[in-house]
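Data first, discussion second: the structure below is written as structure tokens.
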Amino acid sequence: MLDLSKNYFELFGMSIGYVIDNQKIRQRYRDLQRVVHPDRYINATEHEQRLAMQGSVYINEAFETLKDPLRRAQYLLRLHGVDFDPDTETTTDTGFLMEQLELREELSEIPGQTDPMAAASLFMDRVSTMFNRLISSMAIDFEMPDEKQLQVAREKVRKMQFLKKLHTEAEIVEARLEEEML
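To convert a position in the sequence shown, counted from 1, into this note's numbering, add 133.
This is the structure we're talking about:
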């Protein structure tokens, strides 16, 4: 049966780090799910079926965490002993916060644009670029993480949370615009 005491990286046969091979985790995910698939335990005891279900849930959680750059960074912080609560963490970078306010104002003005769909698309591209820049620099922070590097990574994760939320809100605006066009 599956060893649920392994961290997500060990479970997927990877070394602990921010850079991952997406192809490898997808293949490993399929391999692991085959091991705990309910069809394999149809004639097993109730206990074995429950263990298989727990294994499946653990594999799914590990996969979702590893494939998502933000969740992976949060998980790595926790693995390195940094207490990180995504619900209460916020950046202290006032320049970044001011930029977020400006971006939110810009987002609120998109529906009034001459071509709101194009404006929404450009806006989301810009936010994605900002998010991707943070992702690109994150690998360095977890390469040989000391306390200073972990705090740098923590601050980047805080910013990534802002940007991800902003991108999601922009997708909602875009979806509303699409509905209005129908």
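Just so you know, even glycine gets a beta-carbon here, dropped at the ideal spot from N, CA and C.
Please list, in chain order, all residues of the same chain as residue i whose beta carbon is under 6 Å from its beta carbon, the five residues on each side excluded.
i           : result
residue 249 : 243, 310
residue 182 : 174
residue 278 : 213
residue 145 : 158, 161
residue 188 : 135, 169
Confirm, please, whether the CB-CB distance from residue j to residue i is below 9 Å.
i           : j           : result
residue 210 : residue 290 : yes
residue 199 : residue 158 : yes
residue 208 : residue 137 : no
residue 303 : residue 271 : no
residue 221 : residue 288 : no
residue 169 : residue 147 : no
residue 149 : residue 140 : yes
residue 206 : residue 293 : yes
residue 166 : residue 215 : no
residue 307 : residue 253 : yes
Between the options, which lies nearest to residue i when the distance is taken from Cα to Cα?
i           : options            : result
residue 295 : 272, 233, 152      : 233
residue 281 : 213, 245, 229, 306 : 213
residue 135 : 176, 193, 151      : 193
residue 239 : 196, 188, 300, 163 : 300
Just curious, the alpha helix (DSSP H) that residue i is in, first and last residue?
i           : result
residue 155 : 155-169
residue 253 : 249-276
residue 300 : 280-314
residue 180 : 179-200
residue 148 : Careful: residue 148 lies outside any alpha helix (DSSP H) and carries neither H nor E.
residue 241 : 227-242
For residue i, collect the residues of the same chain with a Cβ closer than 8 Å to its Cβ; drop the 5 residues on either side in sequence, then sort them by chain order.
i           : result
residue 267 : 289, 292, 293, 296
residue 251 : none
For residue i, which residues from the same chain have a beta carbon less than 7 Å from its beta carbon, with the 5 sequence-adjacent residues on both sides left out?
i           : result
residue 151 : 205, 206, 209, 271, 272, 275
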